[in-house]
Amino acid sequence: MPVLEYKCPNCGSGMIFDSVSGALSCPSCGRQDNIEQLPDPLKKQVFTEGEVKEYHCNSCGADIVTEPETSATTCSFCGAAVVLSDRLTGNLAPAMVIPFSINKDQAKQAFKKWCRNGLLTPGGFMTADRIQSVTGIYVPFWLYDLHNRIEVHAQGTKVRSYTQGDYHYTETQHFDIYRKIRLEYVNLPIDASEKMNDELMDKLEPFPYNELKLFKTPYLAGYIAEKYSYSEDELFPRAKDKTRSYIDSYIASTVSGYTSVSYTNKHIDTTLKNADYVLLPVWMVNYDYNHKQYTFAMNGQTGKVVGKPPISKAKVAGWFTGVAAVSLLSLKLVSWMMGGGFL
Amino acid sequence: MSQKRPVVAMAALIVLLVTMLAPIFPISSASAAENKNLIYDEANLLSEQDRNELNALANQYSAERQTDLIIYTTNNEEQKEDKLLTQEFYDNRAPGYDKPHGNTVMLTLDMYNRKVYVAGFYKGEEYVDNDRTARITDKIYSDLSEGNYRIAFEKFLNLSYEYLDLKPGVNPDNILFKTWFQLAASVAIGGIVVGVMTYRSGGRVTVNRATYEDSANSHVIDRQDRYIRTTVTKTKIEKNNNNSGGGGGGGTTAGGHSHSGSSRSF
Chain A
160 MPVLEYKCPN CGSGMIFDSV SGALSCPSCG RQDNIEQLPD PLKKQVFTEG EVKEYHCNSC
220 GADIVTEPET SATTCSFCGA AVVLSDRLTG NLAPAMVIPF SINKDQAKQA FKKWCRNGLL
280 TPGGFMTADR IQSVTGIYVP FWLYDLHNRI EVHAQGTKVR SYTQGDYHYT ETQHFDIYRK
340 IRLEYVNLPI DASEKMNDEL MDKLEPFPYN ELKLFKTPYL AGYIAEKYSY SEDELFPRAK
400 DKTRSYIDSY IASTVSGYTS VSYTNKHIDT TLKNADYVLL PVWMVNYDYN HKQYTFAMNG
460 QTGKVVGKPP ISKAKVAGWF TGVAAVSLLS LKLVSWMMGG GFL
Chain B
78 MSQKRPVVAM AALIVLLVTM LAPIFPISSA SAAENKNLIY DEANLLSEQD RNELNALANQ
138 YSAERQTDLI IYTTNNEEQK EDKLLTQEFY DNRAPGYDKP HGNTVMLTLD MYNRKVYVAG
198 FYKGEEYVDN DRTARITDKI YSDLSEGNYR IAFEKFLNLS YEYLDLKPGV NPDNILFKTW
258 FQLAASVAIG GIVVGVMTYR SGGRVTVNRA TYEDSANSHV IDRQDRYIRT TVTKTKIEKN
318 NNNSGGGGGG GTTAGGHSHS GSSRSF
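Line by line, the protein sequences give chains A and B. Per our numbering, residue 160 is the first one in the first sequence, and the count goes up by one each step. Per our numbering, residue 78 is the first one in the second sequence, and the count goes up by one each step.
Quick look at the structure:
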């Protein structure tokens, strides 16, 4: 049976994950089960990927309509929280999960607060009264452990200048620089969902890794979860891309004391040591303003909000004029204090 | 209070407009009857109209800065030195805004030797010192050699007017004093601030290279800094000699009036 539901042993209602207590809880009778001590039914079952074409809700029997990536959702007829277990086993079994610590109401409040702080957003947007939907999604990420062997050759100069007699001397010392570096990166997150905007997901970081828990399906109850669209090998180039600027600045930090450095050869050999499949908590906020849809993402642990809000031209003009006027006035004051005319 | 504000603002605006437009329409104030003659064009380099317009401008600036701005051109038939010409002019004709032999900045154009001399007396000496007179001659000599006398004289009037308002001793060519620079810098600052605000409105990346680095296992295994060679270049230090044919400096007239000054060929 590929569809999992969590029925309360006391009263029979559907149980969901409660982000405040971190337990599987029953909204009707208040029963709370510690997830880490629950046996996970997934461990006993083996499915072949893509075997099941149709899912039926255990509560009402209706067809569960999902997208192919969805691994947890709610039944659109009766609202029961369901987990599609065949999309979470075998290769698709997540190693770990960071559960939500911010619930839906807190997410809404945090988003409204964020909107009010926007200095350039239009007044109508700041009231944040057009929230269309707030959806909690467990987004699939790969956490990469990367091992880099780096060899760098560079030319460096040290310049000293002094005056002697009628001449000005510039003395340049030339150096050959060589560095061999071992550089390890751990838990570098790359989002593996096709639907999610990469730039948005990158800005959501950092996720608190001390909240990582061994994956158990009850954490997903009541939320939407997705399975990865890209494997760890497919995303390896993106991981290398992402570390490239880190590596460059690490190299630069090892070459100090020179006036100028030009790199003649940088050899970076990156090997994939390990990649863990994890689910990370993200609140997606859809917002309707001026007949346009805006999408924002919020880190489900830290509450950090990212996404492009609408920009008010009037406020941009106002800030520009204000800042320019203040700058002009202070420049005038400085020149006046130095003895110049004010006008 | 709220009634007064717009009035004050309007008054300030009018003063501003007048000072800004005055150099453009010098004729408007030329009609004032008490205008004294400040243009002594004895070499006949200017047309009647140019002479009148320059005189009006000189009178207006003189009144604002309490210092007479005088232009004196001569064919110098007696072949005197430009400095001496200036000193004799000052001693004999006794110019000055506040009193005879008073505050004056004057330009002497010696058409015989083709030399220009700018001098400052009293307040003029304090504000338009040797350094500043040299700056003025530097800025107008090329117009003079091309025969654009009217333009050169106007520049002299404008520069003297500007320098008489700058605290003595500060560099008048400091870019901070230039209105165009102040405007451009303000616009640039405004643009940068708004640009950064817009860029940051969508959320920022708050991870850096240290976030995912396993620093315990990352280190430099091998390093070499090998010295190869030293190259030396030398340049001769230019002596401060950009006043070609210039120089001179100030002095004291036969009548005992101390002055600043700078001379330059054109």
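Glycine included, C-beta positions come from ideal geometry on N, C-alpha and C. Computed from a predicted structure; not experimentally measured.
Give the single residue among the options whose Cα lies nearest to the Cα of residue i.
| i | options | result |
| --- | --- | --- |
| G279 of chain B | A:A411, A:Y436, A:L279 | A:L279 |
| L123 of chain B | B:D220, B:E155, B:R227 | B:R227 |
| K271 of chain A | A:L492, A:A456, A:M496, A:V493 | A:A456 |
| W258 of chain A | A:E370, A:T418, A:R308, A:E391 | In the sequence as presented, Trp is not what sits at residue 258 of chain A; that position holds Pro. Measuring from the Cα of P258 of chain A, the nearest candidate turns out to be A:E370. |
| G315 of chain A | A:K399, A:V420, A:N193, A:V464 | A:V420 |
| D250 of chain B | B:V195, B:V284, B:T210 | B:T210 |
| K113 of chain B | B:S337, B:A135, B:D127, B:Q126 | B:A135 |
| S222 of chain B | B:N248, B:S263, B:V193, B:N294 | B:V193 |
| G171 of chain A | A:L163, A:C185, A:G477, A:I290 | A:C185 |
| L439 of chain A | A:Q196, A:K263, A:I309, A:S352 | A:S352 |
| W273 of chain A | A:V465, A:V224, A:A252 | A:V465 |
| G477 of chain A | B:E290, B:G326, B:R306, B:V270 | B:V270 |
| N235 of chain B | B:N129, B:L146, B:F343 | B:L146 |
Given this structure, state the Cα-to-Cα distance separating residue i from residue j, to the nearest angstrom.
| i | j | result |
| --- | --- | --- |
| G324 of chain A | T312 of chain B | 11 Å |
| F284 of chain A | P469 of chain A | 8 Å |
| S108 of chain B | A265 of chain B | Interpretation of S108 of chain B is limited by its pLDDT of 43, a score under 50 that renders its predicted location unreliable; the figure taken from the coordinates is listed afterwards. Looking at the two C-alpha atoms, the distance is approximately 43 Å. |
| D220 of chain B | V482 of chain A | 40 Å |
| G267 of chain B | K472 of chain A | 14 Å |
| G201 of chain B | F233 of chain B | 13 Å |
| V282 of chain B | N250 of chain A | 31 Å |
| C219 of chain A | T288 of chain B | 47 Å |
| V273 of chain B | A261 of chain B | 18 Å |
| V311 of chain A | R303 of chain B | 14 Å |
| D335 of chain A | A313 of chain A | 6 Å |
| Y448 of chain A | A269 of chain A | 18 Å |
| W442 of chain A | P396 of chain A | 27 Å |
| V162 of chain A | N356 of chain A | 29 Å |
| Y138 of chain B | I314 of chain B | 41 Å |
| A254 of chain A | C188 of chain A | 31 Å |
| K375 of chain A | I194 of chain A | 7 Å |
| T429 of chain A | S292 of chain B | 17 Å |
| V437 of chain A | P299 of chain A | 6 Å |
| Y368 of chain A | G416 of chain A | 36 Å |
| L131 of chain B | V485 of chain A | 37 Å |
| Q217 of chain B | K244 of chain B | Looking at the sequence itself, residue 217 of chain B is Ile, so the reference to Gln does not match. Each residue's Cα considered, the two are about 22 Å apart. |
| D215 of chain B | R341 of chain B | 8 Å |
| G173 of chain B | F230 of chain B | 19 Å |
| A384 of chain A | Y378 of chain A | 10 Å |
| Q76 of chain B | E391 of chain A | Beyond the ends of chain B as shown, which are 78 and 343, falls residue 76 of chain B; an answer cannot be given. |
| R306 of chain B | Y328 of chain A | 16 Å |
| R212 of chain B | G327 of chain B | 14 Å |
| E141 of chain B | E239 of chain B | 11 Å |
| E364 of chain A | K166 of chain A | 35 Å |
State the beta-bridge partners of residue i as determined by DSSP.
| i | result |
| --- | --- |
| T233 of chain A | A:A240 |
| Y446 of chain A | A:I290, A:Y453 |
| T312 of chain B | A:H327 |
| Q268 of chain A | In the DSSP output, where bridge partners are listed per residue, Q268 of chain A has none listed. |
| Y422 of chain A | A:A313 |
| T429 of chain A | A:N307 |
| S489 of chain A | Beta-bridge pairing links S489 of chain A to no other residue. |
| D350 of chain A | A:F300 |
| V465 of chain A | A:A456 |
Rounded to whole angstroms, how far is the Cβ of residue i from the Cβ of residue j, which I believe are closer than 8 Å?
| i | j | result |
| --- | --- | --- |
| S235 of chain A | N445 of chain A | Contact doesn't hold; Cβ gap of about 17 Å is too wide. |
| L431 of chain A | L305 of chain A | 6 Å |
| I406 of chain A | L302 of chain A | Wrong, their Cβ atoms sit about 18 Å apart, outside the cutoff. |
| K124 of chain A | I298 of chain B | Chain A is shown only over 160 to 502; residue 124 of chain A falls outside these bounds and no answer can be derived. |
| A240 of chain A | G282 of chain A | Not a contact, Cβ separation roughly 38 Å. |
| M188 of chain B | A120 of chain B | 5 Å |
| N458 of chain A | F366 of chain A | 7 Å |
| K399 of chain A | I349 of chain A | Going by Cβ atoms, the distance from K399 of chain A to I349 of chain A rounds to 10 Å, so no, they are not a contact pair. |
Comparing the C-beta of residue i with each C-beta of chain E, is any distance below 8 Å?
| i | result |
| --- | --- |
| V464 of chain A | Of the protein chains in the structure, A and B, none is chain E. |
> Between the region 248 to 275 of chain A and chain B, which residues of the former have a C-beta closer than 8 Å to a C-beta of the latter?
Replying inline: Those would be none; no residue qualifies.
>> If the cut-off is 7 Å on Cβ atoms, which residues from the region 406 to 428 of chain A count as contacting chain B, listed in chain order?
In response: Here the close residues are S408, Y409, T413.
> the region 268 to 281 of chain B: which residues have C-beta closer than 8 Å to a C-beta of chain A, in chain order?
Replying inline: So the close ones are G268, V270, V271, M274, T275, S278, G279, G280, R281.
> Taking Cβ-Cβ distances below 8 Å as the criterion, which residues of the region 286 to 297 of chain B are in contact with chain A?
Replying inline: So the list reads R286, T288, Y289, E290, D291, N294, S295, H296, V297, given in the order they occur along the chain.
> In the region 482 to 493 of chain A, which residues sit with their C-beta less than 7 Å from some C-beta in chain B, listed in chain order?
Replying inline: Flagged, chain order: V482, A483, S486, L487, L490, K491, V493.
> Residues in the region 327 to 344 of chain A with C-beta within 9 Å of chain B's C-beta atoms, listed in sequence order?
Replying inline: Considering only beta carbons, the part of the region 327 to 344 of chain A lying closer than 9 Å to chain B consists of H327, Y328, T329, E330, T331, Q332, H333, F334, D335, I336, Y337, R338, K339, I340, R341, L342, E343, Y344, in chain order.
> At a Cβ cut of 7 Å, what residues of the region 344 to 361 of chain A count as close to chain B, listed as they run along the chain?
Replying inline: Residues passing the 7 Å Cβ filter: Y344, V345, N346, L347, D361.
>> For the region 116 to 147 of chain B, list every residue whose C-beta sits within 8 Å of some C-beta in chain A, in sequence order.
In response: Shown here is that no member of the region 116 to 147 of chain B has a Cβ falling below 8 Å from a Cβ of chain A.
> Mind listing which residues of the region 226 to 259 of chain B have their C-beta closer than 7 Å to chain A's C-betas, in chain order?
Replying inline: Contact residues of the region 226 to 259 of chain B toward chain A are D242, L243, K244, V247, L253, F254, Q259 (C-beta to C-beta distance below 7 Å).
>> For the region 451 to 479 of chain A, list every residue whose C-beta sits within 8 Å of some C-beta in chain B, in sequence order.
In response: Result list: K463, V464, V465, G466, K467, P468, I470, V475, W478, F479.
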